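Have a look at the structure below before the remarks.
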Amino acid sequence: MMLQGTYRHTTRYIEIFSCVFLHDYYKNGICNEIEVRPTFTTDTLLKNYHLIFRPSRGGFSIAADGSRDYSNAIFKDSFYLDFEFKFTNIYFHTFTDLCEDPEAKYFLEDDSDIVVLNQQKASTEPSFDRAGISGVLRIEHTKERPILPFQLENETDFVPRTKVVHLRSREFKLVYICYASTEKINRFSNLNIESEGVFKGLLLFGQPERIDAKLGFPAYKFTSKNSIPMRNSWDGYITLEKSDQFGFYKKSLPNPSPQSLKLDSNTNSFISENYVKL
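Take my numbering: the last position of the sequence shown gets the number 1196, and nothing is skipped along the way.
Below is the structure:
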């Protein structure tokens, strides 16, 4: 209950900058397994300029006090803000087209509104070699490219700055190693792979290769002819089938997952390797 003679003051904040990390691995396209926070120095700058850091799913935004006057010439002086980001999925560097080393650090200082985060953005700068982070995003405030709102009194003329960071899924070939005992393996000589849903027409398999699998079991190795990007979910399924004098056989095969990805030393490319007992 408010006392007579008192009033409540509500600060009205206006968004002046926003950043989002997009990733085609996720079904909604938003990289929701990332944490972003301002560095200590940047956090101090934000407070000095009466700005608020707002984390959001897949990114963050910065808001300014709508009641403050930022038209003074001092606010046109250049400065930069650094934000540390961290990928929270332990398989992130496996399913993303980044350096395989999860300890690699990335520095994004590109002033473009749209930037691609890839292996070329890896940094060897010692100052970024900090534990617990994946990289640093730097944004710069200048008179020509402002972050601070110089003319808040005319909001229709103020356009908040935005930044979109794109990440790409790692591409791979799908491999199934279907093994059985020596006595049974010949019964499966006419195996075929069938794909449904999102996989239909996307994955093409040739004839299997007869190999010796782990533990000495004979096996048929199926390798897709083409590469596809990894996804966190698949609206489809893959089956192994045959129909011959030994009868009809059908078995569901595992969909590719980040856990199955590995670098094939023979081709220096990634594969999703899956063992299947016949």
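By construction, the Cβ of each residue, glycine as well, lies at the ideal position given by its N, Cα and C atoms.
These numbers come from a predicted model, not from an experiment.
Residue burial is scored here from C-beta neighbours: residue 1048 has fewer than 16 other C-beta atoms within 10 angstroms and is therefore classed as exposed.
The straight-line gap separating the alpha-carbon atoms of residue 1017 and residue 1122 is approximately 28 Å. The criterion of a C-beta distance shorter than 9 Å is satisfied by residue 1167 and residue 1161. 9 Å or more divides the Cβ of residue 1003 from the Cβ of residue 1014. According to DSSP, residue pairing for residue 1056 in a beta bridge involves 1000. Two segments are said to touch when three or more pairs of C-beta atoms, one from each, lie closer than 8 Å; by this definition the segment 1144–1164 touches the segment 1172–1188. With fewer than 16 neighbouring CB atoms inside 10 Å of its own CB, residue 1077 falls in the exposed class. Residue range 1079–1085 is occupied by the beta strand (DSSP E) that includes residue 1084. Comparing C-alpha distances from residue 966 to each of 974, 997, 943 and 975 shows the shortest one belongs to 997. In this chain, the beta strand (DSSP E) harbouring residue 1157 covers 1154–1162.
Residue 947 is not bridged by DSSP to any residue. Residue 1128 has 1138 as its beta-bridge partners, per DSSP. Nearest to residue 1140 by C-alpha distance, out of 1120, 1129 and 969, is 1129. Nearest neighbour of residue 1124 by Cα position, chosen from 1131, 1135 and 1112, turns out to be 1112. Remark: C-beta atoms of residue 1137 and residue 1095 approach each other more closely than 9 Å. Of all C-beta pairs linking the segment 1023–1041 to the segment 970–988, fewer than three are shorter than 8 Å, placing the two stretches out of contact. For residue 961, the enclosing alpha helix (DSSP H) stretches over residues 958–966.
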